Amino acid sequence: MKRSSAVVLLFAVPFVAWMSSGSESGGVLPLHASQVAIGKLDTRTNREGPVTVTVTPKEISPQAETWDFEVTLETHSASLDQDLTRVAVLIDASGTARPPLGWEGDPPGGHHRKGVLRFSRSAEETEFVELRLSGVGGVPRRAFRWRLR
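Here the sequence shown stands for residues -19 to -1, 1 to 130, where the numbers follow mature numbering (1 follows the signal peptide of the UniProt record, and there is no 0).
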């Protein structure tokens, strides 16, 4: 039984590798780094000051109409009254700063807020994006960076 398993493996492994090579000609299809990054960018959390801010990229790709970030703000001692469209900016590797197109989520106030910040997408591929929030919870600047390639 062991010998027949070894023979099967000897032929199965190269066959599976060939079948999963990515194209009919046996080559690997090229992918842009930003396409690979879709759905694979981690959540980032900043716990400075009295407010915890958590940010998750929702879709960052050349095909997306907008680049969306889910933002959660939580506190037990301060009011979350900032207008996030005025305190947020998205920076790319070329230094281009984009203000948000809008916020879809909880209005200012309270101790818990959640929503999506939408930004125009970069026309060019970029090495990274960095979401900056100014003055949230008395912290001068919070920066959340994701490497795209």
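Backbone N, C-alpha and C define an ideal beta-carbon position, used for all residues, glycine too.
This structure is a prediction, so every number in the text was calculated from the model and none was measured.
- Here the alpha carbon of T77 sits roughly 18 Å from the alpha carbon of A45.
- Here P43 is exposed: its Cβ has fewer than 16 other Cβ atoms, across all protein chains shown, within 10 Å.
- Per DSSP, the unbroken beta strand (DSSP E) holding V70 starts and ends at 69 to 73.
- Leaving aside the five residues that flank P31 on each side, the residues in its chain whose CB is nearer than 6 Å to its CB run, in chain order, T56, S58, A59, G118.
- For L22, the three-state secondary structure derived from DSSP is coil.
- A direct Cα-Cα distance of roughly 24 Å separates R28 from E40.
- In the structure shown, V117 adopts helical secondary structure according to DSSP, grouped into three states.
- The region 20 to 69 contains, as complete alpha helix (DSSP H) runs of 4+ residues, the segments 65 to 68 (chain order).
- E106 and L54 have their C-alpha atoms spaced approximately 30 Å apart.
- Judged by beta-carbon spacing, D49 lies beyond the 7 Å limit of V120, meaning their Cβ atoms are not closer than that value.
- Listed as beta-bridge partners of E111 by DSSP are I72, R126.
- L98 has F50, W84 as its beta-bridge partners, per DSSP.
- The straight-line gap separating the alpha-carbon atoms of S103 and D73 is approximately 8 Å.
- Relative to the Cα of S101, the nearest Cα in the group W84, P80, F109 belongs to P80.
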